């Protein structure tokens, strides 16, 4: 079977497998032990589908037990739900200012612009004083409630003062100083407090401890390194052919070759959805040497480049130490002094005895398996890429490859 045909089959197969794994992986999100409380105050222990919500949910999926069908519970009928030892959400009717921090969306109004909404707020710290979070797209706000106050938003807002300059409303500091009085919390600490989750969680925890209140902290994951670096050697089976629009005799198909590649992959795990999404960048050295026949004469190609795939990865949990994953990346190619020397065909090519290869761009699809977050094995497919971008309108090319890649995490 010709390699080109094989690549087409592999392309279709990889896309099909990606879809199948994606559907299967989505269904494998864990149902974990939790509960919910309805409007009558009745508590139901159940299994809740833990999707590690990045944005505050308005509903959730649950099962009464492992063998039962899943159901949807919506915010209108549930006033609280949680996954034991992981997360808790409580429903409130709150006044919320959803001002964004992006310059083009800034208001001229210093004061909060409230709207009343019914929301599931994520409980971060529970005790004498509770801290809550609202997160939706580009809007992140915090709320608080004490044993003597109703729930209120901690006000932080950037606003315009003219066409160029901005200022900040840091009312949250005054709110905290007024409501979280404690001998262990100084005014200097409040004055320098940033509107960041970790700093606010620490403050509320310290206040509750200072007040001899039982404190529970939710939603603050164990600190871990979200950035990893892996070395990724592998073998690559590549194909190249070139075409000339003015003379079919110059069309050349080079022999398929098994070569090597070596990459250094940086991956950043996004801190939501149970660490199932990652962003990756992998500078990769690859080389393709081959021969072909053009106008009854042999010619050679020596194609070397640094590829820069930039893309996303999604993981599918199989077992505790085993994960499948799928990649989609956009590949930039930096060619390294690569040419195709030609024999002298005619006067048209007499002064140019070689074609210079200039890498184009394409996509890369990958399917892989990772063990213990340390070792990985991946099949990676790159469809046709143009490598004669600077050789004139008469020349066209197709370079494609499929690789088997072994990965080892350095840190």
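Residue numbers (our numbering): -10 to 400.
Yeah, the Cβ is synthetic: ideal placement off N, Cα and C, and Gly gets one too.
Quantities reported herein were computed from a predicted structural model and do not represent experimental measurements.
Range of the contiguous beta strand (DSSP E) that encloses residue i
{"i": "residue 48", "result": "48 to 52"}
{"i": "residue 384", "result": "384 to 398"}
{"i": "residue 232", "result": "216 to 233"}
{"i": "residue 345", "result": "343 to 345"}
{"i": "residue 150", "result": "No beta strand (DSSP E) holds residue 150; DSSP gives it neither H nor E."}
{"i": "residue 328", "result": "328 to 330"}
{"i": "residue 25", "result": "20 to 27"}
{"i": "residue 34", "result": "32 to 38"}
Proximity below 8 angstroms, CB of residue i to CB of residue j
{"i": "residue 374", "j": "residue 357", "result": "no"}
{"i": "residue 142", "j": "residue 86", "result": "yes"}
{"i": "residue 188", "j": "residue 128", "result": "no"}
{"i": "residue 41", "j": "residue 262", "result": "yes"}
{"i": "residue 267", "j": "residue 301", "result": "yes"}
{"i": "residue 247", "j": "residue 290", "result": "no"}
{"i": "residue 109", "j": "residue 145", "result": "no"}
{"i": "residue 22", "j": "residue 73", "result": "yes"}
{"i": "residue 390", "j": "residue 224", "result": "no"}
{"i": "residue 147", "j": "residue 138", "result": "no"}
{"i": "residue 317", "j": "residue 255", "result": "no"}
{"i": "residue 327", "j": "residue 292", "result": "yes"}
{"i": "residue 83", "j": "residue 197", "result": "no"}
{"i": "residue 235", "j": "residue 281", "result": "no"}
{"i": "residue 366", "j": "residue 395", "result": "yes"}
{"i": "residue 204", "j": "residue 71", "result": "no"}
C-beta neighbour in chain C for residue i, strict 8 angstroms
{"i": "residue 41", "result": "Protein chains in the displayed structure number just one, and chain C is not present."}
Between the CA atoms of residue j and residue i - distance to the nearest angstrom
{"i": "residue 397", "j": "residue 220", "result": "5 angstroms"}
{"i": "residue 15", "j": "residue 206", "result": "Annotation note: pLDDT 43 at residue 15 (below 50); position unreliable, coordinate value reported separately. Their Cα atoms are separated by approximately 29 angstroms."}
{"i": "residue 19", "j": "residue 81", "result": "27 angstroms"}
{"i": "residue 382", "j": "residue 329", "result": "17 angstroms"}
{"i": "residue 354", "j": "residue 320", "result": "10 angstroms"}
{"i": "residue 214", "j": "residue 269", "result": "15 angstroms"}
{"i": "residue 98", "j": "residue 184", "result": "19 angstroms"}
{"i": "residue 33", "j": "residue 25", "result": "5 angstroms"}
{"i": "residue 190", "j": "residue 135", "result": "14 angstroms"}
{"i": "residue 403", "j": "residue 194", "result": "Outside the shown range of the chain (-10 to 400) lies residue 403, about which nothing can therefore be said."}
{"i": "residue 47", "j": "residue 67", "result": "10 angstroms"}
{"i": "residue 180", "j": "residue 95", "result": "24 angstroms"}
{"i": "residue 200", "j": "residue 120", "result": "15 angstroms"}
{"i": "residue 352", "j": "residue 372", "result": "7 angstroms"}
{"i": "residue 112", "j": "residue 76", "result": "7 angstroms"}
{"i": "residue 361", "j": "residue 265", "result": "15 angstroms"}
{"i": "residue 218", "j": "residue 308", "result": "23 angstroms"}
{"i": "residue 299", "j": "residue 384", "result": "28 angstroms"}
{"i": "residue 324", "j": "residue 277", "result": "12 angstroms"}
{"i": "residue 202", "j": "residue 63", "result": "32 angstroms"}
Residues that DSSP places opposite residue i in a beta bridge
{"i": "residue 270", "result": "255 and 299"}
{"i": "residue 64", "result": "According to DSSP, residue 64 bridges with nothing at all."}
{"i": "residue 138", "result": "Bridge partners of residue 138: none, in fact."}
{"i": "residue 205", "result": "115"}
{"i": "residue 322", "result": "296"}
{"i": "residue 288", "result": "281"}
{"i": "residue 317", "result": "301 and 354"}
{"i": "residue 311", "result": "308 and 360"}
{"i": "residue 71", "result": "24 and 77"}
{"i": "residue 248", "result": "225"}
{"i": "residue 106", "result": "83"}
Boundaries of the alpha helix (DSSP H) in which residue i is found, first to last residue
{"i": "residue 82", "result": "No alpha helix (DSSP H) contains residue 82, which is instead part of the beta strand (DSSP E) from 76 to 85."}
{"i": "residue 193", "result": "186 to 199"}
{"i": "residue 161", "result": "160 to 168"}
{"i": "residue 180", "result": "176 to 180"}
Residue burial classification, residue i (beta-carbon count within 10 angstroms, cutoff 16)
{"i": "residue 364", "result": "exposed"}
{"i": "residue 233", "result": "buried"}
{"i": "residue 243", "result": "buried"}
{"i": "residue 13", "result": "Model confidence at residue 13 stands at a pLDDT of 47, short of 50, so the residue's coordinates are unreliable and nothing is read from them."}
{"i": "residue 339", "result": "The pLDDT assigned to residue 339 is 42, lower than 50, so where the model puts this residue is not dependable, and the model offers no usable value."}
{"i": "residue 176", "result": "exposed"}
{"i": "residue 11", "result": "Bear in mind that the predicted position of residue 11 carries a pLDDT of just 48, short of 50, making it unreliable; the figure below should be weighed with that in mind. Counting Cβ neighbours within 10 Å, residue 11 comes out exposed, since fewer than 16 surround it."}
{"i": "residue 122", "result": "buried"}
{"i": "residue 399", "result": "exposed"}
{"i": "residue 170", "result": "exposed"}
{"i": "residue 271", "result": "buried"}
{"i": "residue 58", "result": "exposed"}
{"i": "residue 56", "result": "exposed"}
{"i": "residue 369", "result": "buried"}
{"i": "residue 29", "result": "exposed"}
{"i": "residue 249", "result": "exposed"}
{"i": "residue 17", "result": "Residue placement at residue 17 is flagged as unreliable, the pLDDT there being 49, under the threshold of 50; a coordinate-derived value is accordingly withheld."}
{"i": "residue 150", "result": "exposed"}
beta-carbon residue i near the ligand COA non-hydrogen atom, thresh 7 angstroms
{"i": "residue 321", "result": "For the ligand COA, the structure offers nothing, since it holds no ligand at all."}
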